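Undergrad: Let me begin by handing over the structure; questions about it come next.
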Amino acid sequence: MESDHALQKLRQELGERGFLGAAQVEERYLMDAVGRRGEPPLAVLRPANTQQVSRALAICHAAGIPVTTQGGRTGLVLGQLPQSGEIVLSMERMAAIEAIDADSAMATVQAGVVLQALQEKLDALGLVFPLDLGARGSCTIGGNISTNAGGNRVIRYGMTRELVVGLEVVLADGTVLDGLKPHIKNNTGPDLKHLFIGSEGILGVVTRAVLRLAPKPDERTVALCAAGGFAQVRALLRHARTRLGGELTAFEVMWDSYYSRAAGITGQSPIAPGHPFYVLIEASGAYASVAANLEATLHAAIEEGIVVDAVLAKSGAENARLWELRDRSVEVSRLLGPVVSFDVSLRIADMEAFVAKLHTLAHGIAANCDVIVYGHLGDGNLHLSVRVPPERPETYDIIQRSVYELVGEYGGSISAEHGVGVSKREFLPHSRTAQEIAWMGHLKDTFDPKHILNRGRVLPGL
Ligand SMILES: Cc1cc2nc3c(=O)[nH]c(=O)nc-3n(C[C@H](O)[C@H](O)[C@H](O)COP(=O)(O)OP(=O)(O)OC[C@H]3O[C@@H](n4cnc5c(N)ncnc54)[C@H](O)[C@@H]3O)c2cc1C
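What follows is the structure in structure tokens.
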């Protein structure tokens, strides 16, 4: 059989460490971070360098074998889990931080570098790669780039897209597209790297990247505030932006439905539950005045009646404690039992009405269809969990469909930062026009004419 011959060639090409046959595949290659399982793959490929990725893809392309690429498998939309008849391409052995250029504030890394490993290496050098998310201990730079990850500091530094200067990509047929240039300014025609950032591996495999770094802030201070209404939350965002300027690094909002549960899980309530909204603000900067600026900002907000209570962390340990309230969202959501989770973008001005309609919609489905809401509000991004009544599991589909329709009515995005993968592909038309989807298909046909890379992810049937 052609696929048996191809597997033999792959084993020869990649050697013992680089090729795991079906019988050797460990369970971890089948699982995502929240316990969902894919199909056993034909093999797992573990290339050690770009040339091996190129030769492996050329073999798979010639034989027409579909391939799914894996980084840290923390993706939340099933894109990285193997489907029947696929080969897994794991980037775990390409984990070298190749160069750090302090003058240009850039790092050149391989795609399998774990985000936290890069953060720790840079910390010692007085630099940061500003991307930060709860999955930092497992997710990889290649996965971050392919999903255009967002996370906690987008309000200050932008999404991953803003942090990628150059990119090396291997196309489905093994062609190496070397765009690994360390130039911020490079106006030499269409910038191809942007086609691969956020495309979830359907157009090519990211192998190496030049990343933009920032100086490590001398100081980082976190505050928690309580607000009596959504108008006050919006006013606080404007106030914080004006008063803190570039020092504003995070603006996270938790509805009480979330906060009261997070307080229970973490065993702390720096401000008592019961207020409608809680806002976690982080300020950071190169000057020792950051904490004083944040304190003055909060005093002014209290005097102007924007917030009703506020707590300022006094140490790194207290910063971490406050962040814990926001970071343990997976456990908070689990308290509801089975849920449908959403990651949506909306205009901030629409959020209050949207959430009110969401509650009406959920309670119309079942009285015990609870909702929790929290998110990166400063970026227009909300996370929602809607409880599926355990006695009525069939409502999962109804909830999913109705909420995405509601997002569509508000002109929002069905995926703010987690991507589309398999989970959301059928809902793409709520956020993208038919013409946009058709042109995505043309790009897929051009870069991957045999549709071997992450087949069926993002674009059904391609
Ligand atoms: C606790 C938790 C918190 C999270 N918080 C956030 C958050 O705040 N913001 C956010 O944006 N996401 C968040 N995520 C989602 C996830 O961590 C990100 O999507 C992350 O960027 C995925 O990286 P990964 O290496 O784990 O990729 P994987 O899960 O392995 O893959 C994700 C997708 O990218 C593709 N891919 C992976 N590597 C490559 C490559 N080298 N080339 C081409 N395609 C590739 C895969 O095929 C798949 O489609 C969170 C997840 C968890 C579990």
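Numbering that gives the first Met the number 0 numbers the first residue of the sequence shown as 0 and each following residue consecutively. Where a beta carbon is used, it is the ideal one built from N, C-alpha and C, also for glycine. It should be emphasised that the depicted structure is a prediction, and the values quoted were computed from it without experimental measurement.
1) For the alpha helix (DSSP H) containing C59, list its first residue and its last residue.
2) Is T241 helix, strand or coil by DSSP?
3) Identify, in the order they occur along the chain, each residue of the same chain with its Cβ nearer than 6 Å to the Cβ of G418, setting aside the five sequence neighbours on each side.
4) Taking 7 Å as the cut-off, is the C-beta of C59 nearer than that to any heavy atom in ligand 1?
5) Taking 8 Å as the threshold (C-beta atoms), are T67 and P81 in contact?
6) On the three-state DSSP scale, how would you describe S137?
7) Using CA atoms only, rank isn't needed, just tell me which of K120, H238, L6, I398 is closest to A62.
8) For N151, collect the residues of the same chain with a Cβ closer than 6 Å to its Cβ; drop the 5 residues on either side in sequence, then sort them by chain order.
9) Report the option in Q23, R219, G111 whose CA atom is closest to the CA atom of L41.
10) Which runs of the beta strand (DSSP E), 3 residues or longer, sit entirely within the stretch 4-55?
11) May I ask which residues mark the beginning and end of the alpha helix (DSSP H) holding F426?
12) Can you have a look at V204 and say buried or exposed, based on whether 16 or more other CB atoms are within 10 angstroms of its CB?
13) Out of curiosity, what's the CA-to-CA distance linking L117 and Q267?
14) Specify the secondary structure class of I196 as computed by DSSP and reduced to three states.
15) Looking at ligand 1, does it come within less than 7 Å of V87, judged from the CB to the closest heavy atom?
16) Taking the C-alpha atoms as reference points, what is the distance between A225 and Y277?
17) Say yes only if the C-beta of M90 is nearer than 7 Å to one or more non-hydrogen atoms of ligand 1, and no if none qualify.
18) With distance defined between alpha-carbon atoms, name the residue in N453, T445, I270 nearest to T174.
19) So, using beta-carbon positions, are L121 and R135 closer together than 8 Å?
20) Taking the beta carbon of T187 as the centre, do at least 16 other beta carbons fall within 10 Å, making it buried, or is it exposed?
21) In whole angstroms, give me the CA-to-CA distance for S412 and H382.
22) Could you tell me the alpha carbon to alpha carbon distance between S314 and R424, rounded to whole angstroms?
23) Less than 7 Å between the CB of N48 and some heavy atom of ligand 1, yes or no?
24) Under the criterion of a Cβ to heavy atom distance below 7 Å, does A148 qualify as lining ligand 1?
25) For ligand 1, I want to know if E199 counts as a neighbour, meaning its beta carbon is within less than 7 Å of at least one of the ligand's heavy atoms.
26) To the nearest angstrom, how far is it from the Cα of D172 to the Cα of I58?
27) Are there 16 or more other CB atoms within 10 angstroms of the CB of T159, so buried, or fewer, so exposed?
28) Taking the C-alpha atoms as reference points, what is the distance between N464 and V331?
TA: For this structure:
1) 49-62
2) helix
3) V76, T146, E199
4) no
5) yes
6) coil
7) L6
8) D131, A249
9) Q23
10) 18-20, 42-44
11) Per DSSP, F426 belongs to no alpha helix (DSSP H) and is neither H nor E.
12) buried
13) 31 Å
14) coil
15) no
16) 5 Å
17) yes
18) T445
19) no
20) exposed
21) 12 Å
22) 44 Å
23) no
24) yes
25) yes
26) 8 Å
27) buried
28) In the structure as shown, the chain starts at 0 and stops at 461, and residue 464 therefore has no counterpart that could be examined.
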